[in-house]
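Here is the structure we will look at.
There are 2 protein chains.
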Amino acid sequence: MPVTLKDVAERASVSIKTVSNVINDYPFVTAETRARVQRAIEETGYRPNVGARNLRRGRTGFIILAVPELENPYFAELTGLVITAARRREWTVLVEQTLGSRELEQAVITSMGPQRIDAAILSPLAIEPEDLLQASSSAPLVLLGERDIAGPADHVMIDNVAASRTAVEHLIGLGRRRIALIGDEPGKATGTSSLRTAGYRQALAAAGLPYDPALVVPVKHYERSRGAAAMAHLLQLPEPPDAVFCCNDLLAVGAMHAALKRGVAIPDRIAVAGFDDIAEGAHGYPSLTTIAPDKAAIAEAAVSLAHQRTGPGRATSAEPQDVQTPFTLKIRESTAGLSR
Amino acid sequence: MPVTLKDVAERASVSIKTVSNVINDYPFVTAETRARVQRAIEETGYRPNVGARNLRRGRTGFIILAVPELENPYFAELTGLVITAARRREWTVLVEQTLGSRELEQAVITSMGPQRIDAAILSPLAIEPEDLLQASSSAPLVLLGERDIAGPADHVMIDNVAASRTAVEHLIGLGRRRIALIGDEPGKATGTSSLRTAGYRQALAAAGLPYDPALVVPVKHYERSRGAAAMAHLLQLPEPPDAVFCCNDLLAVGAMHAALKRGVAIPDRIAVAGFDDIAEGAHGYPSLTTIAPDKAAIAEAAVSLAHQRTGPGRATSAEPQDVQTPFTLKIRESTAGLSR
DNA sequence: AACGTTGTCTTCAACGTTGTAAAGAGTTCG
DNA sequence: CGAACTCTTTACAACGTTGAAGACAACGTT
Numbered sequence: 011m012p013v014t015l016k017d018v019a020e021r022a023s024v025s026i027k028t029v030s031n032v033i034n035d036y037p038f039v040t041a042e043t044r045a046r047v048q049r050a051i052e053e054t055g056y057r058p059n060v061g062a063r064n065l066r067r068g069r070t071g072f073i074i075l076a077v078p079e080l081e082n083p084y085f086a087e088l089t090g091l092v093i094t095a096a097r098r099r100e101w102t103v104l105v106e107q108t109l110g111s112r113e114l115e116q117a118v119i120t121s122m123g124p125q126r127i128d129a130a131i132l133s134p135l136a137i138e139p140e141d142l143l144q145a146s147s148s149a150p151l152v153l154l155g156e157r158d159i160a161g162p163a164d165h166v167m168i169d170n171v172a173a174s175r176t177a178v179e180h181l182i183g184l185g186r187r188r189i190a191l192i193g194d195e196p197g198k199a200t201g202t203s204s205l206r207t208a209g210y211r212q213a214l215a216a217a218g219l220p221y222d223p224a225l226v227v228p229v230k231h232y233e234r235s236r237g238a239a240a241m242a243h244l245l246q247l248p249e250p251p252d253a254v255f256c257c258n259d260l261l262a263v264g265a266m267h268a269a270l271k272r273g274v275a276i277p278d279r280i281a282v283a284g285f286d287d288i289a290e291g292a293h294g295y296p297s298l299t300t301i302a303p304d305k306a307a308i309a310e311a312a313v314s315l316a317h318q319r320t321g322p323g324r325a326t327s328a329e330p331q332d333v334q335t336p337f338t339l340k341i342r343e344s345t346a347g348l349s350r
Numbered sequence: 011m012p013v014t015l016k017d018v019a020e021r022a023s024v025s026i027k028t029v030s031n032v033i034n035d036y037p038f039v040t041a042e043t044r045a046r047v048q049r050a051i052e053e054t055g056y057r058p059n060v061g062a063r064n065l066r067r068g069r070t071g072f073i074i075l076a077v078p079e080l081e082n083p084y085f086a087e088l089t090g091l092v093i094t095a096a097r098r099r100e101w102t103v104l105v106e107q108t109l110g111s112r113e114l115e116q117a118v119i120t121s122m123g124p125q126r127i128d129a130a131i132l133s134p135l136a137i138e139p140e141d142l143l144q145a146s147s148s149a150p151l152v153l154l155g156e157r158d159i160a161g162p163a164d165h166v167m168i169d170n171v172a173a174s175r176t177a178v179e180h181l182i183g184l185g186r187r188r189i190a191l192i193g194d195e196p197g198k199a200t201g202t203s204s205l206r207t208a209g210y211r212q213a214l215a216a217a218g219l220p221y222d223p224a225l226v227v228p229v230k231h232y233e234r235s236r237g238a239a240a241m242a243h244l245l246q247l248p249e250p251p252d253a254v255f256c257c258n259d260l261l262a263v264g265a266m267h268a269a270l271k272r273g274v275a276i277p278d279r280i281a282v283a284g285f286d287d288i289a290e291g292a293h294g295y296p297s298l299t300t301i302a303p304d305k306a307a308i309a310e311a312a313v314s315l316a317h318q319r320t321g322p323g324r325a326t327s328a329e330p331q332d333v334q335t336p337f338t339l340k341i342r343e344s345t346a347g348l349s350r
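So the sequence lines, in the order shown, correspond to chains A and B.
Position one of the first sequence corresponds to residue 11 (the numbering used here), numbered consecutively onward.
Position one of the second sequence corresponds to residue 11 (the numbering used here), numbered consecutively onward.
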C-alpha cells in the first residue's frame, strides 16, 4: 500500500492540505508544523503520486520522443540524452519507435498514443508537409531536422548543408578528385538526404570539380547493408571513386566493410567519411572520419523548446522557433590513414 | 481542451457512467444507446485519460525498464523489443539508464523513481544480494540474468555457461589451442562475467587444454576501448593466443580493431568470438562470430513474468520463477575466415 | 472598543475515471 | 394483482492531489 497524503496528515495531526502545503513550499506554515510534517513524511516514506498530482494540475508530466528506431546507435544515444535533459524539467520521457512509418509518425504529431502528453519531439522520416497542418490542435511539437517543412512546429537542427560541405571539402583537401556520395533518396525533395546532397554538390562546385551523377548512389534505407551494396556498386564502375561521402555512419560502416572485403584499402584507395559520429565508427577498423553533431545540445534544445511551449507564457511566442546546434568534423583513420 | 467523458455524455444525452459502460464493454447497454454513444465518441474524438483511469483503478500502467546504458547496442535493441512486448499488455515503458551505478539500481528495485510503477525489469550490473532483500515490499521485479543472487525476484536468462562453452568449443574445433578470454571481472564472484568465464574453463577442460591465467584478461567495463586495450596486452605476450573469446561483442569489436591496427590478421592469426549478436558485429570487418541470445524471447518473457505478478492471481505463484531463453552460435568471418 | 490586517490552518470542490448500489421500467409468475 | 425477477440507466463516492476560499487567532490601528 503506497503512503498517501492522508497517512502523513494523520501521523502529523494536521490536515491533508497542510501536508500538501509543506510539500509545495507554501510560505505560511510555521516552522514548528513544517518540521512535524517533514518528520512524518520521512517516517512514512511518503512520495507524491505524480499521476494524481498532474491530473489535478492539468498537465501530464510526459513528453514523447519518437525516433525511427533504437537500433540505430545515433538515436539510441540521442534518446539517452533526451531522457536526461527531460528529467531536469521534471518530465518523464515516453520512447516511441516509428520505424519510418508515416502512420506512426502521424500518430505522434496528433498525440494519438495511449498516454496524454505535454509535448512531442519527433525525428521525422516519412511525414509530408500536409500532415503537419492537421496537427495544429494537439500538443506542442518539436521536430529534429531542418525546417524544409512549413508548419506550426519548432525545429532543432544542425546546418546539414554546411556540415556535409565541410566533410566533402575535407576529402577534396586530401587530394581526392572522384568523390562519390552514398545515401541519396531521389524521391524525396525534402529531408535530410537532399540537404546533405546539396552540401556535397556545393563543395564540388567550389573546388571546380565536375558533378558526376554516376557517383551518386541512392539507397532505400540508411542501414549498414545498403551502404555495403552501394559501395559494391561503386567499386565495379569503370572509373571507381577515390573517396566516398556517406550520408550517415551506418552507411559508411557498411560501405567500408564491402570495400575491405574486396581488398580495397581504406583510405589508400578509397577514403570514406560519414555523418553522425556514432561510437561504432570511432572504434571500428579503420576508425571513421565523420561529422559529429553536438547531440547533447540537440537533446537540450529540443527539451527546452518543448518546455517553453508548455509554460505559462506560451501565447507570447506563437512564432515557430528554430535552434541551430553546432557540429564538428572528426578526422580519423578512414581518411587520414592508419597510424601504426 | 481534451475531450472527456462528460463531453461525450452530453452529446449523446446519457450519463457519464453510461459512456464509461460502453467503453468498458459492460453488457447491459441496449444496442441503440451503444450506437448513439459510439457515434458521439467518434464525433468528439474522445480518447480516455489513462492517467485518471489508472488512478481510479489503482494501477499505474507503467513498468520501468532499467538498463546500464542505451549506447550499448545490445540494450538499445532489447529496449525496443521490451517496449513492443509491453504495449501488447497495455503497459507503457519508462526507460531508465543506471550507468552501472549501484545507487541507481537500488533506486529501481525499491521503486524510488518519480513515477509509480506496476513492475520493474532490471538488467543488473552493480547491485549486491543484500540490496535485493530490502526491495521485497515494492513493485514486482524481474531481473535479466542468471539467478546467482537469491531474492524475491523472477529471472530471465540464457544459460551463460553453456553459451560461452559453445563458443569456446567452436574455437577449439577450428584447431585453436591457445585461447584467451577478454572480460573477466576478478572482484565479482557473481554476475555475467563469472558465468562466462566458467563456460570458458569447462570447454578447455573438456578438450584437455591447459588453463593459463595469463590468457584471461580482466576489464573494468564492457566497452570497446577496454577490449582494444586487452587485445593489445595479449598481442605482446611472449606466447600470444591464437583465438580470443570476448565476454561481449563490444569488447570483441574493440579487440579486433586493436589486432587489425597492428597488422594481425583475423582469423588467420587470431580468431575472435563475442557474445550478444549486436548488428555492429554482424556488419563489421571482419564480421563477428558470436553467441546470439534470442532477444525477442527475453523481452517477451520479462514482460510476461511482470504481467503475471501484477495480475489478480499473484498470490498463487509466490515462488520466484526462472525462465531460460534460447541462444544460438552465429559463425561468421572472425572465426570462419573471409570469403572472397 | 471596533476594525482591518496578517498569518496559519482547514474545508470544499474539482481533475477524469470507474465500482457500488440503487432507481426506474418492463416482464414473468404465483 | 402484487411480488419477484430482469434489464438498463443513473447517482454517488472514491482514487490522491491541489486551488480557492473560508475560519480563526493574534496583532496593530484609529
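We treat Cβ as the ideally placed atom computed from N, Cα and C, and that holds for glycine.
{"Item": "For B/I26, which option in B/M11, B/Y56 and B/P330 has the closest C-alpha, if you only look at C-alpha atoms?", "Value": "B/Y56"}
{"Item": "Given this structure, state the Cα-to-Cα distance separating A/E233 from A/I51, to the nearest angstrom.", "Value": "52 Å"}
{"Item": "Can we say the stretch 68-75 of chain B touches the stretch 96-103 of chain B, given the rule of at least three CB pairs closer than 8 Å?", "Value": "yes"}
{"Item": "Within the continuous beta strand (DSSP E) that includes B/M167, where are the two ends?", "Value": "D164 to M167"}
{"Item": "Are three or more beta carbon pairs between the stretch 289-307 of chain A and the stretch 128-139 of chain A nearer than 8 Å?", "Value": "no"}
{"Item": "What's the C-alpha gap between A/G273 and A/A96?", "Value": "47 Å"}
{"Item": "With burial defined as no fewer than 16 other Cβ atoms inside 10 Å of the residue's Cβ, what is the status of A/K16: buried or exposed?", "Value": "exposed"}
{"Item": "B/P12 touches chain A at which residues, Cβ-Cβ below 8 Å?", "Value": "R126"}
{"Item": "Check whether the stretch 246-260 of chain B and the stretch 305-313 of chain A are in contact - that is, three or more C-beta pairs closer than 8 Å.", "Value": "no"}
{"Item": "Check whether the Cβ of A/Y295 lies closer than 9 Å to any Cβ atom in chain B.", "Value": "yes"}
{"Item": "Could you tell me the boundaries of the beta strand (DSSP E) in which A/L80 lies?", "Value": "Element bounds for A/L80: n/a, residue is neither H nor E."}
{"Item": "Closest to B/V361 by C-alpha separation, out of B/L247, B/P196, B/A275 and B/N34, would be which residue?", "Value": "Residue coverage of chain B in this structure runs from 11 to 350, which leaves residue 361 of chain B outside it and unanswerable."}
{"Item": "From B/A265 to B/A238, what does the alpha carbon distance come to, in whole angstroms?", "Value": "4 Å"}
{"Item": "Would you grab the beta carbon distance between B/A309 and B/V152 for me? Rounded to a whole angstrom, and I think it's under 8 Å.", "Value": "That belief does not hold up - the Cβ atoms of B/A309 and B/V152 are roughly 11 Å apart, past 8 Å."}
{"Item": "Give a yes or no on whether the minimum CB-CB distance between B/E310 and chain A is below 9 Å.", "Value": "no"}
{"Item": "Between the stretch 178-192 of chain B and the stretch 200-219 of chain B, are three or more C-beta pairs nearer than 8 Å?", "Value": "yes"}
{"Item": "Candidates B/D128, B/Y210, B/T335 and B/Y295: which alpha carbon is nearest B/N64's?", "Value": "B/D128"}
{"Item": "Does the CB of A/P9 have a neighbour CB from chain B at under 9 Å?", "Value": "Lying before the first or after the last residue shown, residue 9 of chain A is absent from chain A, which here runs from 11 to 350."}
{"Item": "Name the two residues that bound the continuous alpha helix (DSSP H) containing A/E20.", "Value": "L15 to A22"}
{"Item": "Just verifying my parser: in three-state terms, what is the DSSP assignment at B/G161?", "Value": "coil"}
{"Item": "If we require 4 or more residues per run, which alpha helix (DSSP H) segments fall completely within the stretch 259-318 of chain A?", "Value": "259-271 and 289-293"}
{"Item": "Please report the straight-line C-alpha distance between A/A117 and B/S235, rounded to a whole angstrom.", "Value": "40 Å"}
{"Item": "According to DSSP, what are the bridge partners of A/A208?", "Value": "Answer is none; A/A208 lacks a bridge partner."}
{"Item": "Exposed or buried, B/Y295, counting other C-beta atoms within 10 Å across all chains shown (16 or more means buried)?", "Value": "buried"}
{"Item": "For A/M241 and chain B, any beta-carbon pair shorter than 9 Å?", "Value": "no"}
{"Item": "In chain order, which beta strand (DSSP E) runs of at least 3 residues are fully inside the stretch 53-112 of chain B?", "Value": "72-77 and 102-107"}
{"Item": "Find out if the Cβ-Cβ distance for the pair B/V333, B/H231 is shorter than 9 Å.", "Value": "no"}
{"Item": "Since B/I359 is in the beta strand (DSSP E), which residue starts that stretch and which ends it?", "Value": "Outside the shown range of chain B, which is 11 to 350, sits residue 359 of chain B, and nothing can be said about it."}
{"Item": "I'd like the list of long-range same chain contacts for B/I276, defined as Cβ closer than 7 Å, with 5 residues on each side in sequence excluded.", "Value": "M266, A269, L270, V282, P296 and S344"}
{"Item": "Could you name the residues of chain B that A/Q107 contacts, counting a contact when the two beta carbons are closer than 9 Å?", "Value": "G90, I93 and T94"}
{"Item": "To the nearest angstrom, report how far apart A/A325 and A/D169 are at their CA atoms.", "Value": "In this prediction, A/A325 scores a pLDDT of 48, lower than 50, which makes its location untrustworthy; the coordinate-derived value is nonetheless stated afterwards. For A/A325 and A/D169, the distance between alpha carbons rounds to 28 Å."}
{"Item": "Would A/A240 pass as a contact of A/P83 if the rule is Cβ separation under 9 Å?", "Value": "no"}
{"Item": "So A/P196 packs on A/P223, CB below 8 Å; how close in whole Å?", "Value": "At roughly 10 Å, the Cβ-Cβ gap does not stay under 8 Å, so A/P196 and A/P223 are not in contact."}
{"Item": "Please check if any C-beta of chain B sits within less than 9 Å of the C-beta of A/A130.", "Value": "no"}
{"Item": "Around the Cβ of B/S121, are there at least 16 other Cβ atoms within 10 angstroms (buried) or fewer (exposed)?", "Value": "buried"}
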